[in-house]
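This report concerns only the one structure given below.
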Amino acid sequence: MAESNRAFEARMEPSATKRKPRVGVVLLNLGGPERIQDVGPFLYNLFSDPEIIRLPVSAMQKPFAWLISSLRSGKSRQAYRSIGGGSPLRRITGQQAQDLQSSLRLHGVDATSYVAMRYWHPFTESAVADLKADGMDEVVVLPLYPHFSISTSGSSFRELQRLRNTDPTFSRLPIRCIRSWYDHPGYIQALANLIAHEIKACEDPPSAHVFFSAHGVPKSYVEEDGDPYQLEILASSKLILEQLKQQLGYTNPFTLAYQSRVGPVEWLKPYTEDALQELGAQGVKDLVVVPISFVSEHIETLEEIDMEYRELAIAAGIKNFRRVPALDTDPAFIAALTDLVQQAMAETETDLDQAAQRPTKVNLKPQNKWAWGWNNDSELWNGRVAMLGAAAVMMEVIIRHGPLHGLGLL
Numbered sequence: 001m002a003e004s005n006r007a008f009e010a011r012m013e014p015s016a017t018k019r020k021p022r023v024g025v026v027l028l029n030l031g032g033p034e035r036i037q038d039v040g041p042f043l044y045n046l047f048s049d050p051e052i053i054r055l056p057v058s059a060m061q062k063p064f065a066w067l068i069s070s071l072r073s074g075k076s077r078q079a080y081r082s083i084g085g086g087s088p089l090r091r092i093t094g095q096q097a098q099d100l101q102s103s104l105r106l107h108g109v110d111a112t113s114y115v116a117m118r119y120w121h122p123f124t125e126s127a128v129a130d131l132k133a134d135g136m137d138e139v140v141v142l143p144l145y146p147h148f149s150i151s152t153s154g155s156s157f158r159e160l161q162r163l164r165n166t167d168p169t170f171s172r173l174p175i176r177c178i179r180s181w182y183d184h185p186g187y188i189q190a191l192a193n194l195i196a197h198e199i200k201a202c203e204d205p206p207s208a209h210v211f212f213s214a215h216g217v218p219k220s221y222v223e224e225d226g227d228p229y230q231l232e233i234l235a236s237s238k239l240i241l242e243q244l245k246q247q248l249g250y251t252n253p254f255t256l257a258y259q260s261r262v263g264p265v266e267w268l269k270p271y272t273e274d275a276l277q278e279l280g281a282q283g284v285k286d287l288v289v290v291p292i293s294f295v296s297e298h299i300e301t302l303e304e305i306d307m308e309y310r311e312l313a314i315a316a317g318i319k320n321f322r323r324v325p326a327l328d329t330d331p332a333f334i335a336a337l338t339d340l341v342q343q344a345m346a347e348t349e350t351d352l353d354q355a356a357q358r359p360t361k362v363n364l365k366p367q368n369k370w371a372w373g374w375n376n377d378s379e380l381w382n383g384r385v386a387m388l389g390a391a392a393v394m395m396e397v398i399i400r401h402g403p404l405h406g407l408g409l410l
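Take 1 as the starting number for the sequence shown in the working numbering and just add one per residue.
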């Protein structure tokens, strides 16, 4: 009888009656072509997303994406060839996922990490299928974009919500979403450490110019749609500079600019290429470039910054061009991600549609004022005219008849 009572008591112990929940941590990222032949399809997927290119008629989205990807694929293939023939993003993100999983398990969380790319393999639906097959009990969504934008985290959140709406099994799993983490102390500290290392390597560290280069977005996203991206980038920059002052004991001059602009419409300014030329004209010699919105090495860091912008900066008179490495699998960065996931697990469930929302602002000034040329008022109209022209070319390609065919250009 005593033996029976002991067995009963053992069964009633919490550790014996309730296991830890299995937590699927979904890491969201953009994706990138791993081979040269993947470049065209990757660009098509990218430009098919209405959060990237907005068209007045949804039926035009895929034909327009085909046209733009066809026009841009040659230059993009050349860029990927220059960094070895493909993007390292999948490999790096996979290692980040593995390191995060190991860190969470060391902290007592029964976690499994899944990589969910938006525009290339492994796609979001693949990650969802895997976490269902593995029997996860709950989900934490962690975008590898520190700063929220409707075109990055927002688009991925909407894709996840679409899958939840069509998949009863996935929709039943409790889900928590980390919207952005631009001000997380661990992230700020990890990036400041890398920046400080490069500053100290300069000939005159206190005078070294810190150059934050963030991925740009169309200006209309911020001014008309209320995208918080620019404000979050600014906030991160200020926090990093404060941390650097504490570490180094002095305040470095700095610039914030935006790179990777596509198309004729106005994006956030100043543009990186313009800012580099201006700094060169001002006599800046030591430049420490910080890819602030990028947590992994990929085409924008390895080719655009390391090759294109470096060449431009040297030509402008900047003598020492030092680029801070992306965070990748830096231990301090993985520790920050671990903390983010643990914080999210303690919070209430998230509505992904709500997480993707942004405050709505409407600015009618550019639309109501016709202007032509190269000024702020004209850039929206320039973009619209360019898009109409591209649409006309696309239509002629489809119907195989028109003035361009008559001139022998198509």
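Beta carbons: idealized from backbone N, C-alpha and C, even for Gly.
Would you report the Cα separation of residue i and residue j, rounded to the nearest angstrom?
| i | j | result |
| --- | --- | --- |
| Ile178 | Ser296 | 18 Å |
| Ile236 | Val290 | Reading off the sequence, residue 236 comes out as Ser, not Ile. Taking the straight line joining both Cα atoms gives about 12 Å. |
| Asn252 | Pro206 | 6 Å |
| Ala79 | Pro33 | 12 Å |
| Val140 | Gly283 | 48 Å |
| Leu340 | His184 | 8 Å |
| Glu311 | Glu303 | 11 Å |
| Pro325 | Leu194 | 7 Å |
| Lys20 | Asp49 | 38 Å |
| Gly263 | Asn29 | 23 Å |
| Gln230 | Lys238 | 13 Å |
| Gln196 | Arg261 | For the sequence presented, residue 196 should be read as Ala rather than Gln. So the two alpha carbons sit approximately 28 Å from each other. |
| Asp499 | Pro56 | A question about residue 499 goes unanswered here, because the residues of the chain that appear run from 1 up to 410. |
| His121 | Arg91 | 11 Å |
| Lys18 | Gly135 | 16 Å |
| Trp267 | Asp286 | 27 Å |
| Thr348 | Ala336 | 20 Å |
| Tyr221 | Pro270 | 16 Å |
| Phe64 | Tyr119 | 16 Å |
| Ala275 | Ala316 | 10 Å |
| Val25 | Lys319 | 44 Å |
| Pro146 | Met60 | 32 Å |
Can you tell me whether DSSP reads residue i as helix, strand or coil?
| i | result |
| --- | --- |
| Leu55 | coil |
| Trp66 | helix |
| Ala214 | strand |
| His197 | helix |
| Asn483 | This structure does not reach residue 483, given that the chain is present from 1 up to 410, and the question cannot be answered. |
| Tyr250 | coil |
| Phe170 | helix |
| Pro325 | coil |
| Thr338 | helix |
Rounded to the nearest angstrom, how far is the Cβ of residue i from that of residue j, given a contact under 8 Å?
| i | j | result |
| --- | --- | --- |
| Thr255 | Phe211 | 5 Å |
| Gln243 | Ile188 | 6 Å |
| Ser170 | Arg164 | Going by the sequence as given, residue 170 is Phe instead of Ser. That belief holds up - the Cβ atoms of Phe170 and Arg164 are roughly 5 Å apart, short of 8 Å. |
| Ser180 | Ile292 | About 13 Å; that fails the 8 Å criterion. |
| Thr350 | Arg77 | Going by Cβ atoms, the distance from Thr350 to Arg77 rounds to 39 Å, so no, they are not a contact pair. |
| Gly40 | Ser73 | 4 Å |
| Gly86 | Arg158 | That belief does not hold up - the Cβ atoms of Gly86 and Arg158 are roughly 27 Å apart, past 8 Å. |
| Glu273 | Tyr309 | 7 Å |
| Pro174 | Glu138 | 4 Å |
Using a threshold of 8 Å, state whether the C-beta atoms of residue i and residue j are closer than that.
| i | j | result |
| --- | --- | --- |
| Gln101 | Thr93 | no |
| Leu144 | Leu46 | no |
| Tyr182 | Gly216 | no |
| Thr338 | Gln96 | no |
| Ala332 | Gly280 | no |
| Asp167 | Val128 | yes |
| Ser82 | Leu43 | no |
| Ser151 | Ile52 | yes |
| Ile305 | Arg323 | yes |
| Gln342 | His107 | yes |
| Glu232 | Phe294 | no |
| Ala190 | Ile240 | no |
Determine which residues share a DSSP beta bridge with residue i and list them.
| i | result |
| --- | --- |
| Asp117 | Sequence inspection shows Met at residue 117; the Asp mentioned does not correspond to that position. In DSSP, Met117 forms a bridge with Asn29 and Phe123. |
| Arg176 | Val140 |
| Tyr271 | Tyr258 |
| Val23 | Ala111 and Glu138 |
| Asp286 | Asn320 |
| His209 | Leu287 |
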